[in-house]
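First to last, the protein sequences are chains F and R. Just so it is clear: in the first sequence, position 42 is 98 by the numbering used here, and no numbers are missing. Just so it is clear: in the second sequence, position 192 is 248 by the numbering used here, and no numbers are missing. Worksheet for the structure shown next.
Number of protein chains: 2
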Amino acid sequence: MPRLEDLDTPVATVDLDAVERNIARLQRYCDEHGFALRPHIKTHKLPVLAHKQVDAGAVGICCQKLGEAEVMAAAGLTDILIPYPIVGQSKVERLAELARTVRVSVGADSDTVAKALSATLGRAGVTVDFLVDCETGFARTGVQTPREAAELARLVDSLPGLRFAGLMTYPTTADAVARLREMREECERTGLEVGVVSGGGTPTAFRTHEFGEVTELRVGTYVYGDRACVGLGVMTLEDCALHVRATVISRPTRDRAIIDAGSKALASDAVPWTGEAGYGFIREFPEAAISALSEEHGHVDISACRRPPEIGETVTVLPNHACACVNMHDEVAVHRGGDVVGAWPVAARGRIR
Amino acid sequence: MPRLEDLDTPVATVDLDAVERNIARLQRYCDEHGFALRPHIKTHKLPVLAHKQVDAGAVGICCQKLGEAEVMAAAGLTDILIPYPIVGQSKVERLAELARTVRVSVGADSDTVAKALSATLGRAGVTVDFLVDCETGFARTGVQTPREAAELARLVDSLPGLRFAGLMTYPTTADAVARLREMREECERTGLEVGVVSGGGTPTAFRTHEFGEVTELRVGTYVYGDRACVGLGVMTLEDCALHVRATVISRPTRDRAIIDAGSKALASDAVPWTGEAGYGFIREFPEAAISALSEEHGHVDISACRRPPEIGETVTVLPNHACACVNMHDEVAVHRGGDVVGAWPVAARGRIR
């Protein structure tokens, strides 16, 4: 059985033991507090891990794009939320087709989208659950006020092909939940039943019970962890399951090493809000800093390293952002305790439509 | 014949007329001034465009990774430079195999790499041209001094399986070329012939004749252009051949639109050195600013737009960095004047090893 050290680099590696611990821990937390868990597959993009999450007790999965949902449905996943506005006739027709074979729900924030979905889904004779997407501080999508939330909910409730199922927001924070509560109460005042209140985000996942309000949790990163999660103090280095193994290919100066993992292997996402600079954490050289990325080069400042890494030496990089990193890789090498037990194609990678 | 407007989004599009103009213009410049042109395929990653570049007069191509070179060799390209240290026994064996079928040259900056290459290539009975990689200000790879350059050149000259072919650097600037000249002169003082002096980079490509010294130009981005090139004033908007078409999926406020192209479609590379903020330029809404990216969402500030884009409207985004953007896409839609004439798989995408 090959060892991690034997793999050609750069290569994304997944520690299956750590993944299973992460899945079990969050599921146990959700079970204890009575939340539904709906893992977001955008982090791993792997049907086999989605199945593990559902087998552990998740109510279903969450996919950001229709193309990801199609991959997961084809792999036997049967309950999929797409919390993302589906716009354009060809996509709505694909949604109708998907809804014929699996349970699908969607989230969106406008009457434009709701009416377009309804026109096609109603004609197709299928019904899809609809969550009203509520903005609660993140400044991305979502209705802005309780009144807008209730108006859209009432519209959805009246449209063929759609069923008003509840509200969603991202990310869950104490402030966000306070705003979400007002939106739910306004919907209920108009006589609507708000079945699901869906929140999300790994950073606050284990605080969901403090906030109240949320009935279903959409979280992705918890399955792998990353440098952002460690920087925020919500996961430990030992929890982190995803790494990129890289090789030192140049040592032009005493203070600089170049590794063969650049933005095409690590992704160029910075995580300044965690207080961490740079583009990843090198497990074997904690004093080193990945100070810049070219596409194929990681520029490493090794001035603080007592023993500098040599050309040909391999290192293990914890990426800044697991989801963005995974999307760069056609496959991941899967291991238990360093024994490589498989190479899994990242089936939903690059499904941008 | 479908039009660009008919394509499902997000989708990367390539204007073939603009590509052909860009290829012809730089080739003409190089021919006029007597430089060899060796286009870098990392920008397009498409064998068909590599062939167009060679047919126009390029001496060969340049690939950053061995895996890219293998794709190009399999597609009939016959002269390939890999200006990147090839480290690790399995890679060196792949290089030996590649060198049996096509003309391959490499660049590297250490005796460690040169000796490892020589051991396997020499045994395999193949000879590969070796360029000494010289650092001239970019702080990435490369030998640091004329003395180091000459020492490595002499070593390479003595090793079986390698032939010292010349020097390379990146990027070419006036300062860089001055340092490169000292390195060349030091090599020549020791009696070595410096056949090739290879420079690179689209921003200074059309100034190469001012610098002197460079005999061969490695450039990638010129084929497509991008927002960085426009920001630096070295290409015009009309020259730009690569775009990402996207759809407005949410208009939560008067000042904000969300498009369905985020970091997974545009890449998250910032280009602050051009004086441009944000993550792309929307051709139809020049007053708009792509102020942030989530993986699947582009956050667009439309506060300055006289007519704001509506949900369902499609827009054309010029990405910040063509090479990073292309690497996110499994295929590109190819058009002439808006008529879609093909969908090309990005054959060398994701070849990180």
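Even glycine gets a Cβ: it sits at the ideal position worked out from N, Cα and C.
Report all residues from its chain with a CB closer than 7 Å to the CB of Gly257(R); omit the five preceding and five following residues, and keep chain order. Excluding sequence neighbours, Gly257(R) sits near Tyr226, Pro227, Thr228 and Val275.
Cutoff 8 Å: Lys121(R) Cβ touching any chain F Cβ: So, interface residue.
Extent of the continuous alpha helix (DSSP H) to which Ala378(R) belongs: Looking at the DSSP string, the run of the alpha helix (DSSP H) that includes Ala378(R) is Ala378 to Val382.
Any 3 or more C-beta pairs closer than 8 Å across the segment 352-366 of chain R and the segment 387-394 of chain R: At 8 Å Cβ cutoff, the stretches do not touch.
Which residues mark the beginning and the end of the alpha helix (DSSP H) in which Phe220(R) is found? Counting along the chain, Phe220(R) falls outside any alpha helix (DSSP H), though it belongs to the beta strand (DSSP E) covering Leu218 to Met224.
For the structure I just gave you, are there three or more beta carbon pairs, one from the segment 368-376 of chain F and one from the segment 322-337 of chain F, closer than 8 Å? They touch, by the three-pair rule.
Answer yes or no: do Thr192(R) and Leu248(R) have a C-beta to C-beta separation smaller than 8 Å? The beta carbons of Thr192(R) and Leu248(R) sit no closer together than 8 Å.
Of all the options Pro95(R), Asp189(R) and Ala155(R), which has the alpha carbon lying nearest to the alpha carbon of Val212(R)? It is Asp189(R) whose Cα lies nearest to the Cα of Val212(R).
Assigned exposure category for Ser306(R) - 16 Cβ within 10 Å defines buried: Label assigned to Ser306(R): buried.
What residues of chain F sit near Ala380(R), judged by a beta carbon separation below 9 Å? The answer, in chain order, is Ser319, Lys320, Ser324 and Glu351.
With DSSP as the reference, identify every bridge partner of Leu187(R), one or two as the case may be. Paired residues: Gly163(R) and Gly222(R).
According to the Cβ coordinates, are Val304(F) and Ala313(F) closer than 8 Å? The criterion of a C-beta distance shorter than 8 Å is satisfied by Val304(F) and Ala313(F).
Could you say which of Ala317(F), Ile315(F) and Val371(F) lies nearest to Glu340(F) if we only look at CA atoms? In this structure, Val371(F) is the residue among Ala317(F), Ile315(F) and Val371(F) with its C-alpha nearest to the C-alpha of Glu340(F).
For Thr303(R), which three-state DSSP category applies? Thr303(R) falls in the strand class under three-state DSSP.
Would you check if the distance between the CB atom of Val250(R) and the CB atom of Arg240(R) is smaller than 8 Å? In this structure, Arg240(R) lies closer than 8 Å to Val250(R) by Cβ.
Simplified DSSP state of Ser350(R), which is helix, strand or coil: Ser350(R): coil per DSSP, three-state reduction.
Starting from Leu122(F), trace the beta strand (DSSP E) both ways and give me its first and last residue. DSSP places Leu122(F) outside any beta strand (DSSP E); the residue lies instead in the alpha helix (DSSP H), whose first and last residues are Leu122 to Ala130.
State yes or no: is the C-beta of His385(R) within less than 8 Å of the C-beta of Ala68(R)? In this structure, Ala68(R) lies closer than 8 Å to His385(R) by Cβ.
Have a look at Phe220(R) and Glu126(F) and give me their C-alpha separation to the nearest angstrom. When rounded, the distance between both Cα atoms is 53 Å.
Can you tell me whether Ser161(F) is buried or exposed, with buried defined as 16 or more other CB within 10 angstroms of its CB? With 16 or more Cβ atoms within 10 Å of its Cβ, Ser161(F) is classed as buried.
Using CA coordinates, which residue listed in Met57(F), Leu133(F) and Lys101(F) is at the minimum distance from Arg405(F)? From the listed residues Met57(F), Leu133(F) and Lys101(F), the smallest Cα separation to Arg405(F) is found for Lys101(F).
Look up Thr69(R) in the DSSP assignment and say whether it is helix, strand or coil. The three-state secondary structure of Thr69(R), taken from DSSP, is strand.
Along chain R, in chain order, which residues have C-beta atoms closer than 7 Å to that of Asn383(F)? Residues of chain R whose Cβ lies closer than 7 Å to the Cβ of Asn383(F) are, in chain order, Lys320.
Could you list which residues in chain F have their beta carbon closer than 7 Å to that of Tyr140(R), in chain order? Under the 7 Å cutoff, chain F gives Glu352.
Quick check on Arg307(R) - is its C-beta less than 8 Å from some C-beta in chain F? At least one beta carbon of chain F lies nearer than 8 Å to the beta carbon of Arg307(R).
To test your reading of the DSSP string, which unbroken beta strand (DSSP E) runs of 3 or more residues are found completely within the segment 96-125 of chain F? Counting only runs of 3 or more, we get nothing.
Got a sec: is the Cβ-Cβ distance from Ile136(F) to anything in chain R below 8 Å? No, Ile136(F) lies away from the interface with chain R (no Cβ there is under 8 Å from its Cβ).
Proximal residues of chain R, C-beta to C-beta of Asp413(F) below 8 Å: The question about residue 413(F) has no answer here: the residues shown for chain F are numbered 57 through 409.
Candidates Gly123(R), Glu244(R), Val158(R) and Leu151(R): closest to Ala175(R) by CA position: Nearest C-alpha to Ala175(R): Leu151(R).
Straight-line gap, Arg407(R) to Ile138(R) (C-alpha atoms, nearest Å): Approximately 13 Å, taken between the alpha carbons.
Between the Cα of Gly163(R) and those of Arg179(R), Thr65(R), Val199(R) and Thr134(R), spot the shortest distance and give me the residue it belongs to. Answer by Cα proximity: Val199(R).
With the cut-off set at 8 Å, would you say Pro308(R) and Thr197(F) are in Cβ contact? It is a contact, given that the beta carbons lie within the stated cut-off.
Leu93(R) and Val115(R) look like a contact to me (Cβ under 8 Å); what is the Cβ gap, rounded to whole Å? With 8 Å as the limit, Leu93(R) and Val115(R) qualify as a contact, their Cβ atoms being about 7 Å apart.
Please identify, using Cβ separations under 9 Å, the residues of the segment 60-81 of chain R that lie next to chain F, in order along the chain. Result list: Asp64, Thr65, Pro66 and Val67.
Helix, strand or coil: which one does DSSP assign to Ala152(F)? DSSP places Ala152(F) in the helix class (H, G or I) of the three-state scheme.
Find the residues of chain R that neighbour Gly275(F), judging by a C-beta separation of less than 8 Å, and give them in chain order. In the sequence as displayed, the identity of residue 275(F) is Val instead of Gly. Here the premise fails: no neighbours, minimum Cβ distance about 15 Å.
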